[in-house]
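> Got a structure for you, questions after.
In the numbering used here, the protein residues as written are 42 to 395.
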């Protein structure tokens, strides 16, 4: 029997509900495939601030660093909006990513056949995108502060990327494309930003090692337009931290709901951070309303990328697809004629289909 130690950051809002769902699914996989998944709670985010006065206590970070991988629900909530920047729950997430050196964020956006009518786009079909977002550089981690400027108080955030940062995320994208449809769209704003000028140069330099992959440069504003016009044209999208954050959320709506999309944050090791791309949704927390699919599919990505258990990850993905095809819908996926079910029942149905 193989054993895996998973740190679980339940976080805030609906985080505890959706992580519980994913843990139940992993336990079912363990029973079916003879694996043991051991879970250790790591208190991070708003709940950590409430308890310890810090969003990322060292003990919680150590639990993540000592695990085989990390499963995250969500952090944050409006009650923390007035906190100083360094105390906000989101700093915990950025801190874990930085400490674990998780430079690549993989965000798949695939349209399930059963959800075609939920997609807001007309005639949507064949949408299967992998957004590869650089995660620990760029404007989110650059120099920032407040000062007095020409027009009074002024906030500033510096966007900066080095060659190594761009090279490693580009290689991640090209290698993923080799296993998919062989196309990479590199998103930048090279007509305005010096940072993007370097980004484009380095991506092209790296592309020389991947002659079997087609590369296209797309300006970020055009990329947003094309995602709405015809998302099926994209295979792998690679971009920086800020643009990736925005475009991956846009891609989520192209496939019906942000509640079904997982993500993986990885580095050159097998340890990573796996989380849904949705937020903590405090308005529905504790009401058995949240869609657990994104977190369950994040667990499937963990099995594949962290533990090299592809068959087990595929089993979860098939179970989700089967459950949706059988008409199971949470509130965010509501369709005429189909009853809406809650978090717990959706989880139970997926487990039955494994």
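We put the CB at the ideal spot given by N, CA and C, even for glycine. Model, not experiment: these values are computed from the prediction.
#1: Where does residue 136 fall in DSSP's three states?
#2: Please identify the residue among 220, 102, 240 whose C-alpha is closest to the C-alpha of residue 179.
#3: So, under 8 Å CB-CB, residue 54 and residue 304 are touching, yes? Tell me the CB distance rounded to an integer number of Å.
#4: For my contact list, residue 314 and residue 292 are in at a C-beta cut-off of 8 Å; report their separation, rounded to the angstrom.
#5: In this structure, does DSSP put residue 141 in helix, strand or coil?
#6: Pick out whichever of 379, 357, 375 has its Cα sitting closest to the Cα of residue 74.
#7: Can you list, in chain order, the residues of its chain whose CB lies under 7 Å from that of residue 360, leaving out five sequence neighbours each side?
#8: Exposed or buried, what is residue 342 when buried is set at 16 or more other beta-carbons lying within 10 Å of its beta-carbon?
#9: Let me know if residue 191 comes out buried or exposed under the rule of 16 or more other beta-carbons within 10 Å of its beta-carbon.
#10: Is residue 309 helix, strand or coil by DSSP?
#11: Look at residue 212 and residue 173 and say whether their C-beta atoms are less than 8 Å apart.
#12: Confirm, please, whether the CB-CB distance from residue 302 to residue 335 is below 8 Å.
#13: Could you tell me the boundaries of the alpha helix (DSSP H) in which residue 215 lies?
#14: Please tell me whether residue 339 and residue 323 are closer than 8 Å, where the distance is taken between their beta carbons.
#15: Whole beta strand (DSSP E) runs in the region 217 to 299 with 3 or more residues, listed along the chain?
#16: Determine the closest residue to residue 220 out of 261, 171, 264, with distance taken between C-alpha atoms.
#17: Mind checking residue 141: buried by the 16 CB within 10 Å criterion, or exposed?
#18: As a quick exercise: from 310, 127, 372, 236, pick the residue whose alpha carbon is nearest that of residue 283.
#19: Looking at residue 337 and the ligand FMN, is the gap between the Cβ and the nearest heavy atom below 7 Å?
#20: Between the beta-carbon of residue 138 and the beta-carbon of residue 96, is there less than 8 Å?
#21: Going by alpha carbons, who is nearest to residue 256 out of 238, 275, 271, 332?
#22: Could you tell me the boundaries of the alpha helix (DSSP H) in which residue 385 lies?
#23: Relative to the C-alpha of residue 296, which residue among 164, 249, 93 is closest?
#24: Can the beta-carbon of residue 227 be found less than 8 Å from the beta-carbon of residue 254?
With the structure as the only source:
#1: helix
#2: 240
#3: 17 Å between Cβ atoms; not a contact.
#4: No, residue 314 and residue 292 are not in contact; Cβ-Cβ is about 20 Å, not under 8 Å.
#5: coil
#6: 357
#7: 391, 394, 395
#8: buried
#9: exposed
#10: coil
#11: no
#12: yes
#13: 204 to 219
#14: no
#15: 224 to 229, 255 to 260, 277 to 280
#16: 171
#17: buried
#18: 236
#19: Among the ligands in the structure shown, none appear at all, so the ligand FMN cannot be discussed.
#20: no
#21: 275
#22: 384 to 393
#23: 164
#24: no
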